[in-house]
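Taken in order, these protein sequences are the chains called W and X.
Everything in the first sequence is counted per my numbering, starting at 31 for the first residue and increasing by one.
Everything in the second sequence is counted per my numbering, starting at 8 for the first residue and increasing by one.
Note that the Cβ used here is the ideal one computed from N, Cα and C, for glycine as well.
First the structure, in the form of structure tokens, and then the observations on it.
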Amino acid sequence: MNLKNSWWKILGALLVIYVAIAGLTGEVPRQPILNETIRNVYFHVPMWFSMMVLMTISMVRSIQYLRSGNIVRDQQALSFAHTAFALGIIGFLTGAIWGKFTWGSAFPVDPKLIAVEVGLLIYAAYFIMRGSFEDEQKKARLAAVYNIFAFAAFMPLVWILPRITDSLHPGNGGNPAFGKYDMDSQMRMVFYPAVVGWILVGIWIASLRARILNLEYKKTEI
Amino acid sequence: MKEILALLGKEITLEWRNKYAFNGMILYLISTVFICFLSFKIKVDALNPIVWNTLFWIIILFTAINAIAKSFSQEGQNRHAYYYTLASPEAIIVSKLIYNFLLMLFLAFVGLGIYVAFLDNPIQDLGMYILSVSLGALGFAGTLTLVSGIASKADNTSSLMALMSFPIIIPMLLMLMRLSKNAMDGLAFSVSRDEIFTLIGLDGIVIALSFILFPFLWRS
């Protein structure tokens, strides 16, 4: 246990613990409709930040795999995609619960929901296509190609969708962003640490998964 | 350049000799349109413009996936190994892209013709609709060529092809439907300018990426 390499893990864990305590017990502004559900902003929104960061890392790892041919890079790409997928589902569920209480519908027609549904579909396709190849190197190379291609096709969606339909989310389609009115400085003291904390913990989980995958790979190789 | 032309010529000759596959695609289009005709038109006219447009693009999408899925799997692994020794991967992907673009262009316009013949023609700005169909053909060819290259390496090519291409083609499809809806309503060019540029950008991204990524795929 070397403090130089693991400081970010400790920081991430501490931040998430802090957010869990301060997020559930701290003072929040009383907003109409939102009421106490505003606390969900500490748990729902960081999922998306973390998911996007992990997807980007997964794509970068795929590029590195294609350049180097090092199988470890491919295992990292897969585990980052796995973790991003899990975070996406958690974000989806927390959003559905929140939407149920504030918008009256768990799955309204909303560009952000469409974007995440497409994103989850893409990564599900990525996992399934990996399963249909036997040879490790071939699987890794084709999966990396698909991962990069899919990421590049997915990203434009973020600036296409707002033209298709209006959004209920704050900060889109004429709704004011949270930062402007709803979030006071006390909430920000929890929100920003939550974002950083969840990103760090996400990276930690993904790198642990990558190490497990690597150990399993070595076991089957012998 | 010569390499690309030679490969393109090879693709077209191959298609010409294998006419049943090509005729099969045309028949696929006709039967799909006919099924839509039977289900929407025969008793009550239940086809409003939005459904008309969506149905057209879904038919084109399925035709595209079926047509392009065979662009790599049609020739066996051994033949690919032979091309590998002869041509550069860049020449191969460019020739496949051009060929698939031409094929899609042809199928999309034949499809549009049959579709209009069976299910009326509510298009007000035909020039704009033709532009959107052409951009669609380019985008479908660009996206699906690389995906079919990946899928051809697996055993269950056709199901994998559909599975992998649907999610990544959604952004393009949404944009195409929007542009062609504008064309159907005869809106001015300035309204659709955004969509046209977005589509050109998307087509550019997928084609550039196919070009960059294909050499890695080819190596296996």
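Comparing alpha-carbon positions, the option among LEU151/X, TRP225/X, ILE176/X, MET191/X lying closest to GLN131/X turns out to be MET191/X. Distance from the Cα of PHE29/X is smallest, within the candidate group LYS9/X, ILE37/X, ALA74/X, ASP52/X, for ALA74/X.
Among the residues of the segment 127-149 of chain W, those with a Cβ less than 7 Å away from any Cβ of chain X are VAL148, in the order of the chain. Rounded to whole angstroms, the separation of the alpha carbons of GLU164/W and ILE137/X is 44 Å. Within 10 angstroms of the beta-carbon of ILE152/W lie 16 or more other beta-carbons, which makes it buried.
By alpha-carbon distance to SER162/W, the top candidate from GLY143/X, MET168/X, LEU112/X is MET168/X. Around SER98/W, no beta-carbon contact reaches into chain X at under 7 Å, the shortest distance being about 12 Å. Of all alpha-carbon atoms in VAL71/W, TYR48/W, VAL188/W, the one lying nearest the alpha-carbon of PRO59/W is that of VAL71/W. For the 8 Å CB-CB criterion, THR67/W and THR124/W do not form a contact. ALA148/X is not a Cβ neighbour of GLU10/X, given a cutoff of 8 Å.
Residue VAL231/W holds the alpha-carbon nearest to the alpha-carbon of ALA116/W among GLY134/W, THR250/W, VAL231/W.
Interface annotation, SER162/W: in contact with chain X, CB-CB separation under 8 Å. Within chain W, the residues LEU96, ARG171, ALA174, VAL175 have their CB atoms less than 8 Å from the CB of PHE223/X, given in chain order. Fully enclosed alpha helix (DSSP H) runs of no fewer than 4 residues occupy 84-93 of the segment 73-112 of chain X, in order along the chain. Residues of chain W whose Cβ lies closer than 8 Å to the Cβ of LYS160/X are, in chain order, PHE163, LYS168, LEU172. Contact check between the segment 102-111 of chain W and the segment 236-243 of chain W: three or more CB pairs, one atom from each, fall below 8 Å, which counts as touching.
Excluding its 5 nearest sequence neighbours in each direction, LEU142/X has C-beta neighbours in its own chain below 6 Å: LEU206, listed in chain order. One Cα belongs to PHE181/W, the other to ASN25/X, and the distance between them is close to 36 Å. The straight-line gap separating the alpha-carbon atoms of PHE122/W and VAL146/W is approximately 8 Å.
Contact between the segment 92-100 of chain W and the segment 213-227 of chain W is absent: fewer than 3 CB-CB pairs across the two stretches fall below 8 Å. In the pairwise beta carbon analysis, the segment 67-84 of chain X is classified as touching the segment 105-113 of chain X: at least three pairs are separated by under 8 Å. For a cut-off of 8 Å, the C-beta gap from SER88/W to ALA114/W is around 6 Å, short enough to register as a contact.
Rounded to the nearest angstrom, the Cβ distance from GLY146/X to LEU209/X is 6 Å, consistent with a contact under 8 Å. VAL58/W: not part of any alpha helix (DSSP H); DSSP gives it neither H nor E. The C-alpha of ILE42/X lies about 32 Å from the C-alpha of THR20/X. Nearest CB-CB separation between PHE73/W and chain X: not below the 8 Å threshold. Judged by DSSP secondary structure, MET184/X falls within the alpha helix (DSSP H) whose first and last residues are 164-191. Within the model, the alpha-carbon separation for VAL213/X versus ALA155/W is close to 18 Å.
In the structure shown, HIS199/W falls within a coil segment according to DSSP collapsed to helix, strand and coil.
The criterion of a C-beta distance shorter than 8 Å is not satisfied by ILE66/X and GLY120/X. For the segment 63-79 of chain X, the beta-carbon criterion of a distance under 9 Å to any beta-carbon of chain W is satisfied by none of its residues.
When the Cα atoms are used, VAL188/W and TYR89/X turn out to be separated by approximately 42 Å. When secondary structure is reduced to three states using DSSP, PHE163/W falls in the coil class, being assigned neither helix nor strand. LYS160/X counts as buried, since no fewer than 16 other beta carbons sit within 10 angstroms of its beta carbon. Minimum Cα-Cα distance from GLY156/X among the listed residues ASP52/X, LEU224/X, PHE125/X, ASP201/X corresponds to LEU224/X. Scanning TRP234/W, ILE233/W, GLY42/W, ARG218/W for the CA closest to the CA of GLY53/W turns up ARG218/W.
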